[in-house]
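**Q**
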Amino acid sequence: MEPLGVECEPEEQEFSKAHSILKPILVFQIEETSSEGAAAVHVSCIGFAGYARMRSNTEMGLQSPQKFSLLQAGSDFSAETLAQGFESFSEAAQQLQAYYQQFEEKVATLNEQIAYKNQELEQNLREKDRAQNYLSNILEGSAVGILVTDLDGLITSANRMASRLIGLPVKELLQTPFREVLPLEVTPWDDGEGVQRQVREHELNHLRAGTAPLTLNLSITPMSGANDETLGWIVNLQDITELKHLEAEAERKNRLTGMGEMAANVAHQIRNPLGSIELFTSLLQQEMPSERAQTLLQHLSAAAQSMNQTVSNFLEYTQPQPLLPTGTADLQEILQESLRFLRQLVEYNNIRVHTDLHAQVSIVRGSAERLRQVFRNLLLNAVQAMVESGDLHLSSCERTITDAESLAVFGQAAQNRALPVVEVVISDTGSGMAPEVLEQAFEPFFSTQELGAGLGLAIVRNILEAHGAVIAIDSTPDSGTRVTVRIPQSAPVTNS
Numbered sequence: 064m065e066p067l068g069v070e071c072e073p074e075e076q077e078f079s080k081a082h083s084i085l086k087p088i089l090v091f092q093i094e095e096t097s098s099e100g101a102a103a104v105h106v107s108c109i110g111f112a113g114y115a116r117m118r119s120n121t122e123m124g125l126q127s128p129q130k131f132s133l134l135q136a137g138s139d140f141s142a143e144t145l146a147q148g149f150e151s152f153s154e155a156a157q158q159l160q161a162y163y164q165q166f167e168e169k170v171a172t173l174n175e176q177i178a179y180k181n182q183e184l185e186q187n188l189r190e191k192d193r194a195q196n197y198l199s200n201i202l203e204g205s206a207v208g209i210l211v212t213d214l215d216g217l218i219t220s221a222n223r224m225a226s227r228l229i230g231l232p233v234k235e236l237l238q239t240p241f242r243e244v245l246p247l248e249v250t251p252w253d254d255g256e257g258v259q260r261q262v263r264e265h266e267l268n269h270l271r272a273g274t275a276p277l278t279l280n281l282s283i284t285p286m287s288g289a290n291d292e293t294l295g296w297i298v299n300l301q302d303i304t305e306l307k308h309l310e311a312e313a314e315r316k317n318r319l320t321g322m323g324e325m326a327a328n329v330a331h332q333i334r335n336p337l338g339s340i341e342l343f344t345s346l347l348q349q350e351m352p353s354e355r356a357q358t359l360l361q362h363l364s365a366a367a368q369s370m371n372q373t374v375s376n377f378l379e380y381t382q383p384q385p386l387l388p389t390g391t392a393d394l395q396e397i398l399q400e401s402l403r404f405l406r407q408l409v410e411y412n413n414i415r416v417h418t419d420l421h422a423q424v425s426i427v428r429g430s431a432e433r434l435r436q437v438f439r440n441l442l443l444n445a446v447q448a449m450v451e452s453g454d455l456h457l458s459s460c461e462r463t464i465t466d467a468e469s470l471a472v473f474g475q476a477a478q479n480r481a482l483p484v485v486e487v488v489i490s491d492t493g494s495g496m497a498p499e500v501l502e503q504a505f506e507p508f509f510s511t512q513e514l515g516a517g518l519g520l521a522i523v524r525n526i527l528e529a530h531g532a533v534i535a536i537d538s539t540p541d542s543g544t545r546v547t548v549r550i551p552q553s554a555p556v557t558n559s
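Okay, so the sequence shown: first residue is 64 according to my numbering, each after it adds one.
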């Protein structure tokens, strides 16, 4: 506060003429002197007799007019004037103190409001963090892959399952164009604004490095803003590989059911005349002893027997496998017997045989005769693939299947446990198979051999499935073929 000056007349009897020339001023000043905001009045007088008496009392606080008049004894100031002045200043000080108290109350109220708002804001932030963590846990724990893209198709968010299905880390997915990750012929961000509101469904075969291909179902949904404008896209990825396998298997079995009914009728119609042909051929061989006639009749008999075997194979393929015996079979012994069975053909074709049979526990539950049929067929295919010479490798070992994908193939994924198997590998250095041929290898009546009926591998797969086993074929043109069979050591026996 600016000082307020009040003029007063000095007492000339007590001051010199030099002092009388000066015009003394009585100064009142109000200022804050304590942390509680109390006000004090500082009074000073220059150039009159009362100055000496006031010198020791320059800071008097809020002095009353009566006390001030006593201090000013002998001066020309009237007590009334000073009393009025102090009364005015006292009122001003009281008003100031009241304003200050009101200000303190307002500050306290504002502080309370700020503290409440801060507390409310902290609570909102905690709730937001909890909601965000809850949503994040749901997304990360989802069995469906989730990608979020902007309007241009750049990936802005991805969960753990999407990373696993695509085969790339989440960091590499972010800010990557969607078409570079999962190429689709038509995507919603290519269509313009007019057709962006509907949900899109796609199926895609996706190849990941070092793993089996996946069949993915993609559901693409627009992400809307507050004003119903499209902000981006949500892409749901679902692995339907196993579902596709089951659908294909169901379709195959339905097809086999129809073929089985037809095969039974056809077999009856064919086998009766075939029986007659074989009977009359045998009679002719007895009545026509000439060499030329015998040669022709032998060809006729062999053709009839071959046709009869084809009919038998067809019936075997189209009919469900019978319940296999609960006995056991020794795979090591079966493999060695199968090699001995083909020894003459192997030697005739100059094929070198390499064996590595190291499975110590090779006993499996099932039919030894059926498994012998499987490995004779597979070894025969390998030998026939090598025209003049080559190398045939046969190995066996024990293995424990633990990864979820492989367990799912055996139908063991739900049990979530390790599965001990005997693994048999047959490889050759023959001509190999092109990809389009490999895709149809297990289809009935498909064969690359002139004399083959195309039922061998189809029957092999049926027998192995009845034993709870799996078969896989890897082949490259001009580089040979590798067949892997995995049979559980204690696989449950089921009907095909």
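We put the beta carbon where it would ideally sit given N, CA and C, even for glycine.
If you count every other CB in all the chains shown that lies within 10 Å of the CB of residue 541, and 16 or more means buried, which is it?
**A** exposed
**Q** Go through its chain and collect everything with a Cβ distance to residue 165's Cβ below 7 Å, but skip five positions before and after it.
**A** Here the set comprises nothing.
**Q** Taking the CB atoms as reference points, tell me whether residue 203 and residue 174 lie closer together than 7 Å.
**A** no
**Q** When the Cα atoms are used, what is the spatial distance from residue 283 to residue 264?
**A** 7 Å
**Q** Helix, strand or coil for residue 190? Go by DSSP, reduced to three states.
**A** helix
**Q** In whole angstroms, what separates the C-alpha of residue 330 from that of residue 539?
**A** 37 Å
**Q** Taking three-plus beta-carbon pairs below 8 Å as touching, is the stretch 399-410 in contact with the stretch 445-455?
**A** Touching, per the Cβ criterion.
**Q** Is the beta carbon of residue 347 sitting closer than 7 Å to the one on residue 359?
**A** no
**Q** Going by Cα to Cα distance, which pick from 325, 454, 363 is closest to residue 412?
**A** 454
**Q** Note the first and the last residue of the continuous alpha helix (DSSP H) segment covering residue 519.
**A** 519-529
**Q** Please classify residue 320: does DSSP put it in a helix, a strand, or coil?
**A** helix
**Q** Would residue 492 be called buried (16 or more neighbouring beta carbons within 10 Å of its own) or exposed?
**A** buried
**Q** Would you list, in sequence order, the uninterrupted beta strand (DSSP E) runs of no fewer than 3 residues that lie entirely inside the stretch 269-346?
**A** 277-287, 293-302
**Q** If you draw a straight line from the alpha carbon of residue 305 to that of residue 311, how long is it in whole angstroms?
**A** Whole-angstrom Cα-Cα distance: 10 Å.
**Q** Kindly indicate which three-state DSSP category residue 175 falls into: helix, strand or coil?
**A** helix
**Q** So residue 277 and residue 207 are in contact, right, with Cβ under 8 Å, and what is the actual spacing, rounded?
**A** Contact doesn't hold; Cβ gap of about 14 Å is too wide.
**Q** Give the straight-line distance between the Cα atoms of residue 397 and residue 431, rounded to the nearest whole angstrom.
**A** 7 Å
**Q** Should residue 428 be labelled buried (16 or more other beta-carbon atoms within 10 Å of its own) or exposed?
**A** buried
**Q** Could you check what DSSP says for residue 205 in three-state terms: helix, strand or coil?
**A** coil
**Q** Please list, in chain order, all residues of the same chain as residue 395 whose beta carbon is under 8 Å from its beta carbon, the five residues on each side excluded.
**A** 420, 422, 425, 459
**Q** What I want to know is whether the C-beta of residue 147 ends up closer than 6 Å to one or more non-hydrogen atoms of the ligand FAD.
**A** As for the ligand FAD, it is missing from this structure, which has no ligand bound.
**Q** Quick check: residue 483 and residue 463, are their CB atoms within less than 7 Å of each other?
**A** Yes, Cβ-Cβ distance for residue 483 and residue 463 is below 7 Å.
**Q** Would you report the Cα separation of residue 214 and residue 198, rounded to the nearest angstrom?
**A** Separation of residue 214 and residue 198 (C-alpha to C-alpha, rounded to the nearest whole angstrom) is 23 Å.
**Q** Between residue 520 and residue 497, is the Cβ-Cβ spacing less than 7 Å?
**A** no
**Q** Determine the burial state of residue 219: buried for a count of at least 16 other Cβ atoms within 10 Å of its Cβ, exposed for fewer.
**A** exposed
**Q** Thinking C-beta only, is residue 280 closer than 7 Å to residue 303?
**A** yes
**Q** Enumerate in chain order the residues of its own chain whose CB-to-CB distance from residue 475 is below 6 Å, with the five nearest sequence positions on each side excluded.
**A** At residue 475, the pLDDT of 48 sits below 50, so the modelled position is not reliable; the number obtained from the coordinates is stated separately. The residues are 482.
**Q** For residue 452 and residue 414, which I take to be in contact (beta-carbon distance under 8 Å), what is that distance rounded to the nearest angstrom?
**A** Yes, residue 452 and residue 414 are in contact; Cβ-Cβ is about 6 Å, under 8 Å.
**Q** Would DSSP call residue 506 helix, strand or coil?
**A** coil
**Q** Identify the continuous alpha helix (DSSP H) that holds residue 381 and give its terminal residues.
**A** 354-381
**Q** Measure the beta-carbon distance from residue 433 to residue 526 and round it to whole angstroms, keeping in mind my assumption that it falls under 8 Å.
**A** 5 Å
**Q** If you draw a straight line from the alpha carbon of residue 237 to that of residue 321, how long is it in whole angstroms?
**A** 51 Å
**Q** Closest to residue 339 by CA distance: which of 287, 371, 156, 142 is it?
**A** For the options 287, 371, 156, 142, the alpha carbon positioned closest to that of residue 339 is the one of 371.
**Q** Taking only the alpha-carbon atoms, compute the straight-line gap between residue 486 and residue 349 and give it to the nearest angstrom.
**A** 51 Å
**Q** My output table needs one value for residue 152: the three-state DSSP class, helix, strand or coil.
**A** helix
**Q** Would the beta-carbon of residue 543 fall within 7 Å of that of residue 495?
**A** yes
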